[in-house]
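Read in the numbering used here, the sequence shown has 181 at position 137, and its numbers run on one by one without any break. We put the beta carbon where it would ideally sit given N, CA and C, even for glycine. Since the model is a prediction, treat every value here as computed from it, not as a measurement. Here is the structure we will look at, set down as structure tokens.
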Amino acid sequence: MTVSLMAGCGSKPAEEGTASPAEEESTEQEAPEETPEAEAPEEEAAPAGEAVTLNVFAAASMTETLEKIQGMYADVAPDVTLVFNFDSSGTLKTQIEEGADCDLFISAAQKQMNQLDISADPEVNEDGLDFVLEGSRIDLLENKVVLAVPDGNPAGIETFADLGTDKLSLLALGNDDVPVGQYSTEILTNLNLLSSLESAGKITYGSNVKEVTTQVSEATADAGIIYATDAFSAGLTVVDQADETLCKRVVYPAAVLKTAQNQEAAAAFLDYLTTDDCTAVFEEVGFTRP
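This is how it looks when you write it as structure tokens:
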């Protein structure tokens with residue numbers, strides 16, 4: 045209002061070119077808006093994405109698919125370096141429990157994930173371990189357990205039932221502390237074959253599914269119980285597949301860990317694993333979505 049009133053009075057100082065007090069006040073108020081420093085923060089360049097090393101512990105049966113996805117993800121998130129640790133889920137679970145640097149865990153069975161999840165059944169998580177980040181756990185994939193034979197099938201084994209005949213000299217299985225071994229034990233128990241095969245010395249063991257697959261590929265065993273995806277990747281012949289009357293569903297849970305150094309990046313990568321591009325990679329070798 046002061047500016048308007050003064051503008052209406054033709055005062056002599058104003059006519060002589062001398063700024064009135066009101067005009068000086070107006071000039072002082074408008075000056076900060078014209079100062080370039082006010083826009084300086086917007087003119088600064090956005091910081092480049094920080095390099096992240098993401099440690100992913102995954103079941104050995106995911107080796108081929110995740111290594112392929114690794115190259116794909118480099119185009120999606122160039123600042124993220126994926127470092128994989130592939131082994132049996134039981135071994136990975138133990139490493140996590142002992143303090144290994146892991147951001148994302150993908151297990152080949154619910155048991156090993158449950159043993160790290162405080163929200164799981166306490167009869168499974170007996171030690172009350174609390175490693176799984178709440179809200180991050182999902183069922184990522186499903187696999188099948190199959191009976192595979194070497195090239196040419198020298199022993200002529202065609203079904204799980206043949207494992208109880210003279211056709212079999214040696215069967216390759218996973219150890220009892222790894223998921224593929226636990227599924228195998230369940231199958232053979234349901235077929236009433238486990239005790240007889242053990243007593244006859246017809247079983248050889250591998251520490252993870254890759255070792256079992258190698259024994260079949262090299263024909264050091266007449267047959268092996270492995271995952272469908274590993275049989276496909278190794279080019280082995282599958283002669284039988286376990287249905288749900290022989291063993292439980294083979295579901296792969298995945299979760300970000302509370303101890304992860306890069307929880308946000310781990311969650312982003314896990315989300316990427318659910319995309320259509322990754323689904324195509326998984327389905328190519330025999331995985332399905334649960």
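Residue interval of the beta strand (DSSP E) (run including residue i)
i, result
"E186", "I182 to N187"
"D131", "V124 to D131"
"A309", "Careful: A309 lies outside any beta strand (DSSP E), inside the alpha helix (DSSP H) at Q307 to Y316."
"N99", "V96 to A103"
"Q156", "Segment Q154 to N158 is the alpha helix (DSSP H) holding Q156; no beta strand (DSSP E) there."
"F149", "L148 to I150"
"G218", "L215 to G218"
"D171", "Where D171 is concerned, there is no enclosing beta strand (DSSP E), given that its DSSP letter is neither H nor E."
"V282", "T281 to Q285"
Other residues of its chain near residue i: CB distance less than 8 Å, five sequence neighbours each side excluded
i, result
"E87", "Because E87 carries a pLDDT of 36, less than 50, the predicted location of this residue cannot be relied on, and no value is offered for it."
"S151", "A103, S133, L136, K137, M157, P223, Y296, P297 and A298"
"N197", "T281 and V283"
CB contact flag (residue i, residue j, <9 Å)
i, j, result
"V193", "T97", "no"
"Y117", "L185", "no"
"V256", "Y227", "no"
"L160", "I140", "yes"
"L235", "L290", "yes"
"I270", "I231", "no"
"A278", "S251", "no"
"D195", "A263", "yes"
"F149", "L317", "no"
"Q307", "L173", "no"
"K292", "T107", "no"
Sequence-distant residues of the same chain with beta carbon closer than 6 Å to residue i, five excluded per side
i, result
"G208", "L237"
"P334", "D183, E186 and V295"
"N129", "F101"
"E202", "V283"
"G179", "none"
"N99", "V127, D145, C146 and D147"
"T319", "none"
"E78", "In this prediction, E78 scores a pLDDT of 47, lower than 50, which makes its location untrustworthy; the coordinate-derived value is nonetheless stated afterwards. Counting only Cβ-Cβ distances below 6 Å, and skipping sequence neighbours, we find nothing."
"I162", "D174"
"A90", "Note that A90 scores a pLDDT of 30, beneath 50, so its modelled location is shaky; the value from the coordinates is reported in the next line. Taken in chain order, the list of residues that qualify is empty."
Paired residues, beta bridge with residue i - DSSP
i, result
"L301", "V176"
"T248", "A216"
"T332", "E186"
"A192", "G268 and V282"
"V260", "V260 pairs with nothing; no bridge assigned."
"V294", "N187"
First through last residue of the alpha helix (DSSP H) which encompasses residue i
i, result
"L238", "L238 to S243"
"G268", "Element bounds for G268: not the alpha helix (DSSP H) but the beta strand (DSSP E), A267 to Y271."
"I113", "T107 to V120"
"T203", "Segment: none, T203 is in no alpha helix (DSSP H) and carries neither H nor E."
"G225", "P223 to N234"
Proximal residues to residue i (C-beta, below 7 Å), its chain only, five neighbours per side dropped
i, result
"G200", "K211"
"T273", "S105, N187, V329, G330 and F331"
"Q154", "V295 and P297"
"T323", "R333"
"D131", "A104 and N252"
Taking contact to mean 3 or more Cβ pairs, one atom from each stretch, closer than 8 Å, check whether the region 155-169 and the region 273-285 are in contact. no
If contact is defined by three or more beta carbon pairs under 8 Å, each pair taking one atom from either stretch, is the region 297-312 in contact with the region 208-221? no
Next on the checklist: So, does the region 198-217 touch the region 238-258, judging by three or more C-beta pairs under 8 Å?
Outcome noted: yes
Cβ contact (3+ pairs, closer than 8 Å) linking the region 311-321 and the region 118-126
yes
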